[in-house]
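The structure appears below as structure tokens.
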Amino acid sequence: MRYDYSKIEKKWQAVWDENNTFHAPNTSDKPKFYALVEFPYPSGQGLHVGHPRPYTALDIVSRKKRLEGYNVLFPMGWDAFGLPTENYAIKNGIHPKKVTTDNIAHFKSQLKALGYSFDWSREVDTTDPKYYKWTQWIFLQLFKKGLAYKKEFPINFCTVCKVGLANEEVVNGVCERCGGEVVRKVKNQWMLKITEYAQRLIDDLDGLDYIERVKTSQINWIGRSDGAQVDFSIEGKDDVLTVFTTRPDTIFGCTYMVISPEHPLIDKYSSEITNIDAVLAYREEAAKKSDFERSEIAKDKTGVKLEGINAVNPISGEVIPVFISDYVLMTYGTGAIMAVPAHDERDYEFAKKFGLPIIEVISGGNIEEGAFTSKDGVCINSGFINGLKSTEAIDKMIEVMEEKKIGHRQVNYKLRDWVFSRQRYWGEPIPLVHCDKCGWVAIPESELPLELPEVENYQPTDNGESPLANMPEWYETTCPECGGHAVRETDTMPQWAGSSWYYLRYMDPHNDEALASREALEYWDQVDWYNGGMEHTTLHLLYSRFWHKFLYDIGVVPTKEPYAKRTSHGMILGSDGTKMSKSRGNVINPDEVVANFGADTLRTYEMFIGDFEKTAPWSENSLRGCKRFLDRVFNLYEIVNDAGGYSKDLEVTMHQTIKKVTQDIDGLKFNTAIAALMSLLNAFTDKGSVTKDEFRTFLILLNPIAPHITEELWEMKGFDGMISGVQWPKYDESKMVEAVIEIPVQINGKLRAKVNVSKDADNAAVMEAVKEDETVKGYLNGKTIVKEIYVPGKICNIVVK
RNA sequence: GCCGGUGUGGCGGAAUAGGCAGACGCACAGGACUUAAAAUCCUGCGAUCCAUAAAAUCGUACCGGUUCGACCCCGGUCACCGGCACCA
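Going from the first sequence to the numbering used here is simple: count from 1 and add 11.
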């Protein structure tokens with residue numbers, strides 16, 4: 012019989028749909044398991060072969076968990092707001108909603124063709140007003156708790172398109188689309204205070220089962236650094252210049268100070284700075300530079316001395332000059348630093364260029380050659396902390412500064428607040444109005460969702476405002492508090508908003524009263540396993556952990572963290588080993604693979620392609636190999652006999668394979684799970700016959716990976732019900748060892764022989780059998796045995812002289 | 001520059017509480033079936049030595065160390081991939 016994958020796959024997909032086979036009820040006697048994959052952005056290109064890799068992986072986990080008796084929630088939805096859709100809409104004059112609806116329909120049919128066990132009754136779409144009602148609601152709570160505020164913030168602005176651009180749209184300093192000049196334009200934007208959660212976002216990683224590199228990248232991104240804030244007085248003024256430093260132990264080595272070009276000190280003392288023209292010119296120069304240019308010239312230090320202004324080192328009393336330079340950032344610390352050239356590379360470089368003194372205050376390096384930045388040293392030239400180790404000196408210095416009230420211990424984070432405004436149409440409207448009298452006011456929750464109005468043109472306005480700013484009939488309104496004149500916020504939310512809480516909506520997707528009911532939130536609790544790309548391990552994960560913690564604080568969710576476990580998959584490259592792209596012509600279309608080889612083959616192949624966490628190149632030959640495997644599985648049907656149980660000679664292999672597949676699926680090692688099933692299949696065909704129970708077990712083990720073919724064979728063989736409803740097989744450790752085991756024998760660490768012993772033989776008996784072996788005898792002849800090592804059941808090594 | 005990751009046959013990759021390196025698959029070669037081809041099945045497949053086989057020797061990026069024993073642990077070097085860019 013022929014393996015007609017196309018017919019089989021369509022048949023079973025229809026059966027699963029009709030029977031709601033994978034529906035997850037919100038109450039159950041079974042233990043719950045929540046498996047989550049990142050919902051896709053439904054782009055116009057349709058599904059990419061990269062998508063099925065993580066989806067298949069967690070589909071396998073979900074299907075297996077169901078067979079193991081869990082009530083499994085495995086949902087899917089659409090992260091559908093976003094720039095490409097908006098740009099497509101602008102270009103083709105089609106409403107973004109229409110574009111989105113079409114794209115979702117296409118994506119959905121493609122996903123269905125792959126046989127995923129999603130609970131489609133829980134599908135969510137971030138652009139659906141019923142969904143974004145709650146995105147807006149969460150924003151309002153943040154606003155009410157003072158965690159949303161307005162701030163001047165620079166955006167990338169294309170001078171040709173007259174549009175604000177996202178960072179990824181700026182390529183080499185010019186607009187990605189038109190090549191026009193991109194400048195930084197300051198705009199008043201909504202910000203979210205994620206920095207208030209910085210410490211908790213670090214601390215709470217502790218109890219989570221995230222792969223290590225995800226944890227480290229989160230920690231690095233938040234970037235905690237411990238140090239001190241110190242006030243340097245300004246000579247002749249009753250004023251201070253405050254700096255942040257992680258190295259208060261080096262303060263005696265501070266020979267000058269540097270402030271950022273935007274530092275307010277400059278304006279404050281502009282009349283006393285004798286070279287104010289040069290200073291302002293430098294500032295202007297720095298402001299003109301884009302981030303791109305600033306990083307391009309990262310190496311070469313520039314700056315201007317503030318003539319007429321000096322600072323006083325509060326510890327040594329020394330009078331030191333003050334410079335401005337763009338290597339000091341206004342956005343970190345206090346925007347000013349104490350420069351210790353002997354022990355900081357950037358200060359060293361700057362001091363060399365401007366001929367400033369370099370004083371060594373920590374021994375251990377060679378300051379003729381470069382800065383000594385290590386804390387493995389002892390203080391010298393440092394008055395009362397001389398002789399102390401760096402780390403001790405830090406504590407001592409902070410103590411003294413706190414006594415003298417000139418400084419204190421301080422923790423800083425690299426993490427910045429989240430810029431939450433976008434000057435775009437295709438996003439959630441921000442549900443606030445600005446009242447002439449009351450300022451920013453939240454719209455009443457009863458008015459949510461605040462829906463996007465229909466507009467003629469999705470193009471942003473000439474001055475970079477959102478298209479909504481062209482619609483007075485929409486933005487003109489009254490203040491909910493005083494009834495006076497007010498205007499709506501015309502900025503919309505970033506794409507990150509909808510994806511920050513979607514896992515909660517899946518728990519209770521049709522609720523009109525709340526983002527999800529308390530019962531549902533409590534029942535489903537944390538996501539048990541969340542898999543997604545490495546590109547989302549910083550921002551998306553951080554943003555959604557932040558929102559979750561906020562929702563916990565206001566009593567909406569019962570858990571402190573959203574995701575108990577996080578794993579990441581590697582990318583799939585083109586067969587030439589480079590990233591798939593249209594221009595290289597190495598893009599593989601999943602629809603064609605499904606048509607030519609079947610969904611089960613695609614699933615099996617994507618799991619067999621290599622280590623799940625690493626990138627792997629596409630290989631059509633290897634894909635054919637997987638098809639061949641499934642062909643052979645299908646033909647296995649021909650050699651199934653009516654015998655029950657496992658046959659004697661395969662019993663050990665059966666139990667070993669069950670264990671291997673069970674553990675490998677839990678451990679993300681799908682490639683070796685499939686290899687084990689291939690080996691078992693080889694054992695069956697070598698033998699020429701399979702018992703009914705061996706076949707049954709084999710089908711269940713393969714089912715999560717290749718669900719259609721296994722359902723079909725299950726039915727053909729007349730097993731009860733559907734394979735999707737059976738129990739996962741168990742293995743018995745005691746049946747996993749052969750009666751006779753082969754022990755490799757090494758002489759002086761080199762493999763020389765193999766000896767068969769009974770599995771029950773004790774160590775002495777094994778050693779005796781080893782020494783009886785003819786080959787071994789030859790090696791021992793005329794030598795003295797120095798040492799004998801026997802690792803039971805594993806290996807034996809004899810050291811001779 | 002910093003952080004993270006990875007280096008194993010012709011290729012994708014197995015094997016780490018330190019214990020038979022190369023499972024499984026691909027490609028390739030030979031054979032069977034066939035009028036023939038495809039498909040399928042069988043056999044071989046790290047390198048050197050060799051008529052062949054056995055045996056032996058060498059082999060997990062490179063150099064060195066620890067150990068009875070190292071792909072695995074330690075020290076150093078190199079290459080590639082990803083992320084971040086002056087974070088005081």
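Beta carbons are placed, not taken as given, at the ideal position from N, Cα and C, and that holds for glycine.
Asked                                                                                                                                                                                   : Found
Can you tell me which of 152, 154 and 191 puts its alpha carbon nearest to the alpha carbon of residue 171?                                                                             : 191
Using the Cα positions of residue 350 and residue 273, report the straight-line distance between them to the nearest angstrom.                                                          : 18 Å
Write down every uninterrupted run of the alpha helix (DSSP H) in the segment 697 to 743 whose length is 4 residues or greater and which is fully enclosed by it, in chain order.       : 703 to 713 and 718 to 728
For residue 322, count neighbouring Cβ atoms within 10 angstroms of its own Cβ and tell me buried if that reaches 16, exposed if not.                                                   : buried
For residue 786, which three-state DSSP category applies?                                                                                                                               : helix
Counting only the same chain and skipping the five closest in sequence on each side, list residues whose C-beta sits under 6 Å from that of residue 638.                                : 608 and 612
Which residue from 790, 254 and 237 puts its Cα closest to that of residue 759?                                                                                                         : 790
Starting from residue 617, follow the alpha helix (DSSP H) in both directions and report where the run begins and ends.                                                                 : 610 to 619
Which one of 411, 204 and 459 has the shortest CA to CA distance from residue 148?                                                                                                      : 459
Taking the Cβ atom as the reference point for each residue, do residue 390 and residue 372 lie within a distance shorter than 9 Å?                                                      : yes
Would you mind reading off the limits of the beta strand (DSSP E) that contains residue 332?                                                                                            : 330 to 335
Tell me whether the segment 398 to 409 and the segment 462 to 469 touch, counting them as touching only if at least three CB pairs, one residue from each stretch, are closer than 8 Å. : no
Using the rule of at least 16 other Cβ atoms within 10 Å of the residue's Cβ for burial, across every protein chain shown, is residue 595 buried or exposed?                            : exposed
Anyone know if the C-beta pair for residue 269 and residue 333 falls short of 9 Å?                                                                                                      : yes
Checking 9 Å against the spacing of the C-beta atoms, do residue 440 and residue 503 come in under that value?                                                                          : yes
Considering residue 28, what are the terminal residues of the alpha helix (DSSP H) in which it resides?                                                                                 : 16 to 30
Could you tell me which of 800, 52 and 476 sits nearest to residue 199, measuring between CA atoms?                                                                                     : 476
Can you name the residues that DSSP bridges to residue 165?                                                                                                                             : 197
Rounded to a whole number of angstroms, what is the C-alpha to C-alpha distance between residue 443 and residue 453?                                                                    : 5 Å
Is DSSP giving residue 501 helix, strand or coil here?                                                                                                                                  : coil
List the endpoints of the continuous alpha helix (DSSP H) containing residue 765.                                                                                                       : Per DSSP, residue 765 belongs to no alpha helix (DSSP H); it is in the beta strand (DSSP E), 761 to 769.
For the segment 542 to 615, which segments carrying the alpha helix (DSSP H) assignment without a break, of at least 4 residues, lie completely within its bounds, in sequence order?   : 550 to 564 and 601 to 608
Just the C-alpha distance for residue 139 and residue 622, rounded to the nearest angstrom, thanks.                                                                                     : 37 Å
Between residue 368 and residue 286, what straight-line distance do the alpha-carbon atoms span, to the nearest angstrom?                                                               : 22 Å
Where does the unbroken beta strand (DSSP E) through residue 807 begin, and where does it stop?                                                                                         : 806 to 811
Could you give the DSSP three-state label for residue 252: helix, strand or coil?                                                                                                       : strand
Between residue 671 and residue 654, which are expected to be in contact by the criterion C-beta below 8 Å, what is the C-beta distance as a whole number of angstroms?                 : Their Cβ separation, rounded to whole angstroms, is 24 Å, which puts residue 671 and residue 654 out of contact at 8 Å.
Along the chain, where does the alpha helix (DSSP H) containing residue 636 start, and where does it finish?                                                                            : 631 to 647
Which ranges does the beta strand (DSSP E) cover as unbroken runs of at least 3 residues, wholly within the segment 63 to 129, from first to last along the chain?                      : 82 to 84
Quick check: the Cα distance between residue 616 and residue 126, rounded to an integer number of angstroms?                                                                            : 15 Å
Where does residue 527 fall in DSSP's three states?                                                                                                                                     : coil
Secondary structure at residue 370, three-state DSSP: helix, strand or coil?                                                                                                            : coil
Taking Cβ positions, are residue 729 and residue 650 nearer each other than 9 Å?                                                                                                        : no
Within its chain, find whatever has a CB closer than 6 Å to the CB of residue 591; leave out the 5 residues flanking it on each side and keep chain order.                              : 585, 597 and 598
Excluding the 5 residues flanking residue 49 on each side, which residues of the same chain have their C-beta closer than 6 Å to its C-beta?                                            : 543
Thinking residue 166 and residue 263 are a contact (beta carbons under 8 Å), I'd like their distance in whole angstroms, please.                                                        : Their Cβ separation, rounded to whole angstroms, is 43 Å, which puts residue 166 and residue 263 out of contact at 8 Å.
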